[in-house]
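Each remark here refers to the structure printed beneath this line.
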Amino acid sequence: MENKEERVHCLIIGSGPAGYTAAIYAARANMKPVLYQGIQPGGQLTITTEVENYPGYPDGIQGPDMMIHFEKQAARMGADIRYGLATKVDFMEAPYKVWIDEEKLIIADTVIISTGASAKWLGLESESRLNGYGVSACAVCDGFFFKGKEVAIVGAGDTAAEEALYLSKMCSRVHMLVRRGEMRASKIMQERVKQAGNITIYWNTAPVEVLGDKKVEGMRVHNNVTNETSDIPLSAFFVAIGHQPNSDIFKGWLEMDEAGYILTQPGTSRTNIEGVFAAGDVQDKIYRQAVTAAGSGCMAALDAERYLAMKGM
Ligand code: NDP
Numbered sequence: 076m077e078n079k080e081e082r083v084h085c086l087i088i089g090s091g092p093a094g095y096t097a098a099i100y101a102a103r104a105n106m107k108p109v110l111y112q113g114i115q116p117g118g119q120l121t122i123t124t125e126v127e128n129y130p131g132y133p134d135g136i137q138g139p140d141m142m143i144h145f146e147k148q149a150a151r152m153g154a155d156i157r158y159g160l161a162t163k164v165d166f167m168e169a170p171y172k173v174w175i176d177e178e179k180l181i182i183a184d185t186v187i188i189s190t191g192a193s194a195k196w197l198g199l200e201s202e203s204r205l206n207g208y209g210v211s212a213c214a215v216c217d218g219f220f221f222k223g224k225e226v227a228i229v230g231a232g233d234t235a236a237e238e239a240l241y242l243s244k245m246c247s248r249v250h251m252l253v254r255r256g257e258m259r260a261s262k263i264m265q266e267r268v269k270q271a272g273n274i275t276i277y278w279n280t281a282p283v284e285v286l287g288d289k290k291v292e293g294m295r296v297h298n299n300v301t302n303e304t305s306d307i308p309l310s311a312f313f314v315a316i317g318h319q320p321n322s323d324i325f326k327g328w329l330e331m332d333e334a335g336y337i338l339t340q341p342g343t344s345r346t347n348i349e350g351v352f353a354a355g356d357v358q359d360k361i362y363r364q365a366v367t368a369a370g371s372g373c374m375a376a377l378d379a380e381r382y383l384a385m386k387g388m
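Residue numbers (our numbering): 76 to 388.
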């Protein structure tokens, strides 16, 4: 029978670039890390196509292949990588308790949280059908593939504004859909968007459907003031309506901002509970890149190593 309770030195929750990098460093520091992969082994990169901005891959690499490399490297260093989802925690006192799949209990001296974030989607059937075929939630990842083409972006926050500007530098035109008569983005970002020569803002407008059979060919939009519906030809449809950090099970234990991002002490991966660290997108709503997540995973392993040394463990 499987052992229902297990004591570990270093538990890593999540398997994106942050989790695997933490595992590589923790394993090399002889912390015998155990990593649970979560619901989407490999994280958000497993749903992207080509990654061209991760240093070390001069010819680019497919996101899923890159995450297999991360996993193999962590396993080669000795990390114990397992399927399983953390479903509940008790951080009342060290060592900390984490339940996996609602049954197995891990008792850990240190916990590294790298559960990531998930992009929010509109929920249109055509949006999910064409995901990866011109529909994307990451302009920085996929914009390059639409150089010189017309593209759309949905959203009106700082992310949408930043991504619209990014796209405007390489695409011939960016059609930006704003569902209200004003933008949520900071004033300076709004000004920049308005001043870019090739961003057309559609106020009070929402997408009704992404058009195209095998790839994005356009979008149907509805203006909720004039009540008009129209079609716009396009090559890509970017969604930037926010992200949701995967931090629900830590609510009530860890300090978070109002959106649920775990707060870490500046310049470190330390949370408000000593011995519990956070890395990657679950604590980063600004950069959200594979390389920054990997860097913060490294920081978490080093912080955990120092904590264990300080405690004489
Ligand atoms: P936000 O939650 O700030 O904005 C989401 C945007 O998407 C809003 O404009 C919202 O519209 C719109 N939206 C939501 N749902 C829909 C929908 N179903 N259809 C159409 N539009 C929709 O998310 P962001 O990712 O932009 O930003 C998150 C946080 O990160 C913010 O605090 C932001 O300031 C910060 N940030 C900072 C950056 C920087 O400082 N450089 C860069 C990026 C982000 P509505 O306004 O109508 O609700």
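The beta-carbon is built from N, C-alpha and C at its ideal position, and this holds for glycine as well.
* **For I188, the three-state DSSP class (helix, strand or coil)** => Shown here, I188 sits in a strand according to DSSP, grouped into three states.
* Would you kindly report the start and end of the unbroken beta strand (DSSP E) that includes M294? => 293-298
* Hey, out of S310, Y277, E303, whose CA is closest to K289's CA? -> Taking only the C-alpha atoms, the option nearest K289 is S310.
* C-alpha gap between W278 and F219, whole angstroms -> 26 Å
* Coil, strand or helix - S211 by DSSP -> strand
* Roughly how many angstroms separate the alpha carbons of Q265 and G94, rounded to a whole number? -> 35 Å
* Asked: For G272, is the classification buried or exposed, using 16 other Cβ atoms within 10 angstroms of its Cβ as the cut-off for buried?
  -> exposed
* Proximity below 8 Å, CB of I182 to CB of I175 -> At least 8 Å separates the beta-carbon of I182 from that of I175.
* To do: Would you give the residue range spanned by the beta strand (DSSP E) that L86 belongs to?
  => 80-88
* Asked: Which residue's Cα is closest to the Cα of T121: V109, T96, T301, S90?
  -> In terms of CA proximity to T121, S90 leads the group V109, T96, T301, S90.
* Start-end ranges of the beta strand (DSSP E) lying completely within the region 314-371, minimum 3 residues -> The qualifying runs are 318-320, 351-353.
* **Beta bridge counterpart(s) of V196 as assigned by DSSP** => Checking the displayed sequence, the identity of residue 196 turns out to be Trp instead of Val. DSSP output for W196 lists no bridge partner at all.
* To do: Reducing DSSP to helix, strand and coil, say where T123 ends up.
  => coil
* **Extent of the continuous alpha helix (DSSP H) run through R259** => First-last for R259: undefined, no H or E at that position.
* **Contact test: H297 Cβ vs the ligand GTP heavy atom, cutoff 7 Å** => The ligand GTP is absent from the structure shown, which contains only the ligand NDP.
* Closer than 7 Å: G230 CB and nearest the ligand NDP heavy atom -> yes
* Take R204 as the anchor and find which of A169, K326, G287 has the nearest alpha-carbon. => G287
* Short check: CB of A239 to CB of I228, under 8 Å? -> Their beta carbons are under 8 Å apart, which means A239 touches I228 by this criterion.
* Answer yes or no: do A369 and P133 have a C-beta to C-beta separation smaller than 8 Å? => no
* Euclidean distance between Cα positions of S247 and N299 -> Going from the Cα of S247 to the Cα of N299 covers about 27 Å.
* Go ahead and pull the three-state DSSP assignment for S203. => Note: S203 maps to helix in three-state DSSP.
* So does K269 have its beta carbon nearer than 7 Å to some heavy atom of the ligand NDP? -> no
* To do: Apply the 10 Å Cβ neighbour rule to M76 and answer buried if 16 or more other Cβ atoms are within range, or exposed otherwise.
  => Residue placement at M76 is flagged as unreliable, the pLDDT there being 46, under the threshold of 50; a coordinate-derived value is accordingly withheld.
* **R381 at chain C interface by Cβ criterion, 8 Å** => Protein chains in the displayed structure number just one, and chain C is not present.
* **Three-state secondary structure assigned by DSSP to K179** => In the displayed model, K179 falls within a strand according to three-state DSSP.
* **Classification of I274 by the beta-carbon crowding that lies within 10 angstroms, buried from 16 upward** => buried
* Asked: Comparing alpha-carbon positions, which option in I187, T162, A214, P139 lies nearest P108?
  -> Checked all of I187, T162, A214, P139; the closest Cα to P108 is I187.
* Sequence-distant residues of the same chain with beta carbon closer than 7 Å to V253, five excluded per side -> A231, I276, Y277, W278, T280
* Asked: Hey, quick one: how far does the beta strand (DSSP E) through S247 stretch, first residue to last?
  -> Per DSSP, S247 belongs to no beta strand (DSSP E) and is neither H nor E.
* Could you work out which residue in A315, V314, A379 is closest to A354 when comparing CA atoms only? => Nearest C-alpha to A354: A379.
* Cα-Cα, which of K386, M374, A376, V366 is closest to Y129? -> When each option's Cα is compared against that of Y129, the closest is V366.
* What span of residues does the beta strand (DSSP E) with E225 cover, start to end? -> Secondary structure note for E225: its beta strand (DSSP E) is the uninterrupted segment 225-229.
* In the structure shown, what three-state DSSP assignment does P133 receive? -> coil
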